[in-house]
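Novice: Numbered by my numbering, the letters in the sequence shown go through residues 1449 to 1817 in order.
Ideal placement from N, C-alpha and C gives every residue a C-beta, glycine not left out.
Everything numeric in this text was worked out from a predicted model, so none of it was measured.
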Amino acid sequence: MFTGRTPGRNEATVHQGWCSSVSWGWMEWLSYIIVFITHLNVLLASDIACSCRICVQGLPAARKEHNGILRSCVPQRWDKRDGRLPNPGSFDMLHRRCKDVFPHQTEGVKLTINRTISTFFKASHILHLSAVGPSNYRFNASYQQSDSDRREEACPVLVGEMDSFGSLNAQCLHFLSERIRAKAVFQTQWSQFLVWQFETEYRGDDFTAAVTLANPDLLRESVIMVAHFLQSVSPQLVLGGELVYHRGRAEEGGIVTLAGQYSGPNWVATLNAGNGGAHASYYHRANKQIQVGVEFEASTRTQETTCSFGYQLDIPEANMVFRGTLDSRWIVGGVLEKRLTPLPAALTLGAFMNHRGDKVQCGLGVTVG
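Rendered as structure tokens:
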């Protein structure tokens, strides 16, 4: 309690002595902490230097084993040594792990011939004979200049495909810098432009931001803009969102979607929820041979809800991969892929049955090269 009295000489002396002793005690503790941190940094620096020395000495062997692609020599970004978080990747890749488990529906007879013309240039001839839709022939050409010393993705990439009806599907992917990626997509149907979109993506240390413009038309004052953002909150958790804005002469609106992904040691759970509906997926790797995935989709526009279960069985001894699926619409399907070694060919057998519609689709595919 303050009384307005000036402290005496003895009280001031005692107060100054107590502050000096307290300050000296904190200075001692602070010096001890600084010395401890210095020794700890020296130990960590020596440990990281040894690890880097081992990695650098093993670079030639690693390049030879992985065809020049550096994979396991450098520690991951989210390693506990530096404490940094990983890059979450692209927004379109959130459900990719689960979707790869499900088989692609096949129908008719399909023949694919792949031809490697040079190190960068490849061509493919695809002949599809179908009883449901019109049969067609497609020619696919791709130019891929790899830069494996800097990143695992290839740069630049030019892919073009044209069918016998004159429809064209072309894509161009290029890294403008180490963090900025640009992508352009063009699609034509019956000699008319159907889709033209441009995408720019920026990949930071622990986040990814992308903006896409689809079908911009200044004369009709219409455009579709899509913005993506993903942030790594922890080594296991990724949060982000998507904004879709559409403007035309007759209508204008937007859809906001929130996204989250949590990864475990051998499983990945992903959820997208917004005005347009919800999309959830779960991927689990049981062992080296069995992978399963569950997908749930609900749309507010079509008022439909579907749930699908898929699995993948790898048999490396027989060079076989089998994928199967079962969904809530009572559609059961499976695709068997068999590598015909020592021939450079692969055989694909698929069958899908719709119990409600009483329809069966069977497919046979042969891939050479």
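Name the DSSP bridge partner or partners of W1562?
Specialist: Before going further, note that residue 1562 is Asn rather than Trp in the sequence given. In DSSP, N1562 forms a bridge with S1572.
Novice: Taking the alpha-carbon positions, what's the A1618 to L1687 distance?
Specialist: 32 Å
Novice: Can you tell me the Cα-Cα spacing of A1717 and Q1684, whole angstroms?
Specialist: 10 Å
Novice: Just verifying my parser: in three-state terms, what is the DSSP assignment at A1675?
Specialist: Of the three classes helix, strand and coil, the one that applies to A1675 here is strand, per DSSP.
Novice: Per DSSP, what kind of secondary structure is K1736 in: helix, strand or coil?
Specialist: coil
Novice: Starting from R1544, follow the alpha helix (DSSP H) in both directions and report where the run begins and ends.
Specialist: In the DSSP annotation of this structure, the continuous segment of the alpha helix (DSSP H) that includes R1544 starts and ends at R1544 to K1547.
Novice: Between T1796 and V1780, what straight-line distance do the alpha-carbon atoms span, to the nearest angstrom?
Specialist: 17 Å
Novice: Taking just the CA atoms, how far does L1784 sit from H1573?
Specialist: 22 Å
Novice: Is the beta carbon of P1551 sitting closer than 7 Å to the one on S1680?
Specialist: no
Novice: Just the Cα atoms here: how many angstroms apart are G1725 and S1747?
Specialist: 4 Å
Novice: So, for L1577: in the same chain, excluding its five sequence neighbours on each side, which residues have a beta-carbon less than 8 Å away from its beta-carbon?
Specialist: G1556, V1557, K1558 and S1583
Novice: Could you tell me which residues DSSP puts in a beta bridge with G1758?
Specialist: G1741 and T1773
Novice: Of all the beta strand (DSSP E) runs that stay within the bounds of the stretch 1604-1647, which reach a length of 3 or more residues?
Specialist: 1605-1611, 1616-1623 and 1628-1637
Novice: Whole angstroms is fine: what's the gap from A1707's alpha carbon to C1546's?
Specialist: Rounded to the nearest angstrom, the two C-alpha atoms are 15 Å apart.
Novice: Pick out whichever of A1658, S1682 and R1668 has its Cα sitting closest to the Cα of L1691.
Specialist: Just measuring C-alpha positions, the residue of A1658, S1682 and R1668 sitting nearest L1691 is A1658.
Novice: Taking Cβ positions, are T1648 and S1615 nearer each other than 7 Å?
Specialist: no
Novice: For D1653, name the three-state secondary structure that DSSP assigns.
Specialist: coil
Novice: Check G1752 in the structure and name its three-state DSSP category.
Specialist: The amino acid at residue 1752 is misidentified as Gly; the sequence shows Glu. Three-state DSSP puts E1752 in a strand.
Novice: Could you name the residues of the same chain whose beta carbon sits closer than 7 Å to that of F1641, not counting the 5 residues immediately before and after it, in chain order?
Specialist: Excluding residues within five positions, none has a Cβ falling inside 7 Å.
Novice: Secondary structure at F1550, three-state DSSP: helix, strand or coil?
Specialist: Coil at F1550, not helix or strand.
Novice: W1474: buried (16+ other C-beta within 10 angstroms of its C-beta) or exposed?
Specialist: The predicted model places W1474 with a pLDDT of 44, which falls under 50 and marks its position as unreliable, so this point remains unresolved.
Novice: Comparing alpha-carbon positions, which option in A1579, T1567 and S1612 lies nearest N1588?
Specialist: S1612
Novice: Measure the alpha-carbon distance for L1533 versus D1653 and round it to whole angstroms.
Specialist: Going by the C-alpha atoms only, they are around 7 Å apart.
Novice: Tell me V1704's beta-bridge partners as DSSP assigns them.
Specialist: L1691
Novice: Express the C-alpha separation of A1766 and Q1645 in angstroms, rounding to a whole number.
Specialist: 43 Å
Novice: What residue range is occupied by the uninterrupted beta strand (DSSP E) comprising F1587?
Specialist: Where F1587 is concerned, the enclosing beta strand (DSSP E) stretches over N1584 to Q1592.
Novice: Got a sec, what are the start and stop residues for the beta strand (DSSP E) F1539 sits in?
Specialist: Careful: F1539 lies outside any beta strand (DSSP E) and carries neither H nor E.
Novice: Identify whether E1765 lies in helix, strand or coil by the three-state DSSP scheme.
Specialist: helix
Novice: Between the Cα of A1721 and the Cα atoms of E1745, E1699 and A1698, which residue gives the shortest distance?
Specialist: E1745
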